[in-house]
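Structure record follows, encoded as structure tokens.
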Amino acid sequence: MANKDIEARKQELLNQGYTEVYTKTKVLTDAVMHYCPGCGHGTTHRLIAEVIDEMGIQDKTVGVSPVGCSVLAYNYFDVDFQEAAHGRAPAVATAVKRLNPDCYVFTYQGDGDLAAIGTAETIHAANRGENITMIFVNNGIYGMTGGQMAPTTLVGMRSATTPYGRRVDLNGYPLRMTELLATLPGTYYVTRQSVQNPGAVRKAKAAIRKAFENQKLGKGLSFVEILSNCNSGWKMTPVAANKWMEDNMMPNYPVGDIKVDGKIAEGITAERLVLDHPLTVMQ
Amino acid sequence: MARELKLMKGNEAIAQAMIASGTDGYFGYPITPQSEVMETLMAEKPWETTGMVVLQAESEVSSINMVYGGAATGKKVATSSSSPGISLMQEGLTYLAGAEIPCVIVNVMRGGPGLGTIQPSQSDYFQSVKGGGHGDYQLYTLAPASVQEMYDFVFDAWDIAFKYRNPVLILSDGAIGQCMEKLYTRDYIPRWTEEERRQHAPWGTFGKPASRGHNIITSLELESARQEVFNLKLQAKYAEMKEKEVRFETINCEDADYIFVAYGSSSRIAMKAMQMAREKGIKVGLFRLITLFPFPTKQLAEVAKRVKGILCVEMSAGQMIEDVRLATECNVKTEHFGRFGGIIPTPTEVLEALENKIIK
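Same order as they appear, the protein sequences are chains A and B. Plus 2 on top of the position in the first sequence (first one is 1) and you've got our numbering. Plus 4 on top of the position in the second sequence (first one is 1) and you've got our numbering.
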């Protein structure tokens, strides 16, 4: 349905006495998102846009999009945006913030972009304590290029380049970038969230809000990992993909705060930071 | 700093010119023989005077992408490096050209290939003007031949970069970077105010006021038809540069039987060889390239009509000579002379090469 048709239908319903209880935030544009139905990107975009709207910082925000599924993020956020080369968003954002300290700067990256080709930029931006907000969407796979192995692909998980499952002897271990970054003094807030159900969405939004509030206070780097399904890449229905994510991704990538206000969060032990990776069986 | 006579290194001149020309940011990574650029900036602490940001990145890959991020906000942002580091920056350079982001990059060339040597060389000509990264793009490329030009060309580079929304490369070499010469400084140009930034770079991503749509900096266009239109726009821009922004210098070319064609350090050596030739009664001139892209094709062709031979002098295996031959359509005998590995040819060698390869 075109936007004007949606608008007309909305008017029709309001005229019939319906009340509007849920509406698109103005920080998202009217562009139709290209994301696969059921993917977490759309939800995550909306949460960021709501936070920008609620904090009243739309006119001061600059986003940096990656190469990957969310390469076109700049079409969906109604804020100034830069599209970075593959993996380089943290370097790009570093300069945007340093030269424009009054701007709110956020990066939006996937696991291939942030944890493979952009590992150096990610670690060094975090280690410098850049006062930016980094959003990291982890779905354990390269979505846009057709479902190849990512650094975050689980042991045993099938992908286009691990057709018989990821093998540790061949491909090494899944990389927990978020736990790694939590150990650096430059990070102020490090958390892992997910968006597969309303409860998770509410917590994810609170985390994103905190990450932007920290930037307002000049506290250093805030890092929010969002677990998402990749139903297309995993070759499952969205519902099955969310269930599989809970059963398999979450034991490898436990959800919750890892570092809050510059300190390792309560209950986060050394053992928790260096969890074993359980073998995953993907049918 | 008003106009003063100073003695300094070429690399220091780059740093001083960045501060004096109102540069907003510099992002770099140490590499010989250009590390004095960032060292000078760090020692000068311009963040306390002009407000310029200076940051040491974790790699050249990172520093060129910092240039991308900062310059895409409509500020004057620069970096410098030497050959291996510039190779690492090629991805960033093609993105900068593709997103039409004005910025300044300095390459103080050293010998290659690979890790090569730390001594001067001019073997990055192809990389600089034939597209070091992927895709059809050009960097406006200035070749300074003195410490004074290292300084002056930074100012010129900002004018061209913002006039055309294009990256500008200052292609120098280890000899000019390391040698000390006198130079006249210029009056400081203050960094742009917020209003001036908005005026010079209305396309910049610095936060969207309610009065306009969001600005997007990207080099991505998934629609082939639109990408072709964009490519044509870039080509038109490069054609305009070829028409309006060519720079070169001719010395003693009017009555010359033979000319040297050279740029940067080699042009200084060729100048001396020219004087030695004249003392021997051989009428030699020098055609010095100042812009390598755009190449002074028409102007060189005009001079070439009147001479019997051309010796290209370049510290390489012969890269610039290809453009010289294209310019003259091979209508005049043209040969190359160069040394490798950081060896700087002597004027005597250059004159001998002229006599043996061209005159004989």
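Every residue gets a Cβ at the ideal spot worked out from N, C-alpha and C, and that includes glycine. This one's a predicted model, so the numbers in the text were calculated from it and none came from an experiment.
Neighbour flag for residue i against chain B, beta carbons, 9 Å
i               : result
E56 of chain A  : no
A1 of chain A   : With chain A covering only 3 through 285, there is no way to say anything about residue 1 of chain A.
D82 of chain A  : yes
K62 of chain A  : yes
R290 of chain A : Absent from the model: residue 290 of chain A. The displayed extent of chain A is 3 to 285, so no value can be given.
E215 of chain A : no
N133 of chain A : no
L183 of chain A : no
F138 of chain A : no
A51 of chain A  : no
T96 of chain A  : yes
A152 of chain A : no
V73 of chain A  : yes
L172 of chain A : no
Y76 of chain A  : yes
L101 of chain A : yes
F79 of chain A  : yes
T282 of chain A : no
Secondary structure of residue i, DSSP reduced to three states
i               : result
A82 of chain B  : strand
E253 of chain B : strand
Y30 of chain B  : strand
M278 of chain B : helix
T44 of chain B  : helix
T121 of chain A : helix
H88 of chain A  : coil
R202 of chain B : helix
R343 of chain B : coil
L64 of chain B  : According to the sequence as given, residue 64 of chain B is Glu; it is not Leu. Here E64 of chain B sits in helix by DSSP.
K246 of chain B : helix
T46 of chain A  : helix
F214 of chain A : helix
D82 of chain A  : strand
L226 of chain B : coil
A214 of chain B : coil
R195 of chain B : coil
E258 of chain B : coil
F297 of chain B : strand
N102 of chain A : coil
Q239 of chain B : helix
Distance CB(residue i)-CB(residue j) smaller than 9 Å
i               : j               : result
D156 of chain B : R114 of chain B : no
D61 of chain A  : T31 of chain A  : no
P171 of chain B : A165 of chain B : yes
L219 of chain A : G188 of chain A : no
V107 of chain A : V64 of chain A  : yes
N231 of chain A : G40 of chain A  : yes
S84 of chain B  : Q38 of chain B  : yes
L173 of chain B : I109 of chain B : yes
Y192 of chain B : T54 of chain B  : yes
A277 of chain B : T338 of chain B : no
I119 of chain A : H88 of chain A  : yes
V139 of chain A : I210 of chain A : no
Y141 of chain B : T98 of chain B  : yes
T135 of chain A : T96 of chain A  : no
Cutoff 9 Å: residue i Cβ touching any chain A Cβ
i               : result
F210 of chain B : yes
V57 of chain B  : yes
P213 of chain B : yes
A61 of chain B  : yes
N256 of chain B : no
N170 of chain B : no
G289 of chain B : no
N360 of chain B : no
G217 of chain B : yes
Residue i beta carbon near the ligand PLP (any heavy atom closer than 8 Å)
i              : result
T83 of chain B : This structure lacks the ligand PLP; in fact it carries no ligand of any kind.
Report the residue ranges of all beta strand (DSSP E) runs contained in full by the stretch 118-183 of chain B; include only those spanning at least 3 residues, in chain order. 144-146, 171-177
Taking only beta carbons into account, state which residues of the stretch 63-84 of chain B come closer than 9 Å to chain A, listed in chain order. S63, V65, S66, S67, I68, N69, M70, V71, Y72, G73, G74, A75, A76, T77, K79, V81
Name the residues in the stretch 10-42 of chain B whose C-beta lies less than 7 Å from a C-beta of chain A; which are they? D28, G29, F31
Please name the residues in the stretch 130-162 of chain B whose beta-carbon is closer than 8 Å to at least one beta-carbon of chain A, in chain order. none
Chain-ordered residues of the stretch 105-128 of chain A with a beta carbon less than 7 Å from chain C: The chain labelled as chain C is not found among the protein chains of the depicted structure, namely A and B.
The stretch 172-204 of chain B: positions lying closer than 9 Å to chain A by Cβ: none
Runs of beta strand (DSSP E) lying entirely within the stretch 134-180 of chain A, each at least 3 residues, in chain order: 135-140
Ignoring anything shorter than 3 residues or poking outside the stretch 304-355 of chain B, list the beta strand (DSSP E) runs there in chain order. 313-317, 337-341
Taking only beta carbons into account, state which residues of the stretch 90-101 of chain B come closer than 8 Å to chain A, listed in chain order. E95, G96, Y99
May I have a chain-ordered list of the alpha helix (DSSP H) segments no shorter than 4 residues that lie completely inside the stretch 7-72 of chain A? 42-57
Any C-beta of chain A within less than 9 Å: which residues of the stretch 219-253 of chain B qualify? N219, I220, I221, T222, S223, L224, L226
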